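Undergrad: The sequence shown runs 351 to 409 under my numbering.
Every residue gets a Cβ at the ideal spot worked out from N, C-alpha and C, and that includes glycine.
Values in this document were obtained by computation on a predicted structure and should not be read as measured data.
Below is the structure I would like to discuss, written out as structure tokens.
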Amino acid sequence: MDETPNKGSRRQDFLDELLEETSVSLHKRLIKAYNSDDPVASMEKELGASLLEVLNRED
């Protein structure tokens with residue numbers, strides 16, 4: 351990723367704020383997944399895992 355430290359810090363601050371504001375557990379999981387080195391792939395993987403949990407009726 352080719353970001354300046356300030357841009358990365360602002361993004362992290364924004365993500366932290368989103369985590370504080372949302373009470374939806376799926377949203378929290380996706381936001382946390384976005385923090386990885388490959389945000390899109392991590393979010394896709396987390397969403398897939400969440401969908402499988404729903405299909406399997408897991409909590």
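1) Taking buried to mean at least 16 other C-beta atoms within 10 Å of its own C-beta, is LEU380 buried or exposed?
2) Under 6 Å Cβ to Cβ from HIS377, same chain only, skipping five residues before and after it: list those, please.
3) With a threshold of 6 Å on Cβ separation, who are the neighbours of ARG361 within its own chain once the five nearest residues in sequence on each side are excluded?
4) Between the alpha carbons of SER386 and ASN406, how many angstroms are there, rounded?
TA: Result, derived from the coordinates:
1) buried
2) none
3) none
4) 26 Å
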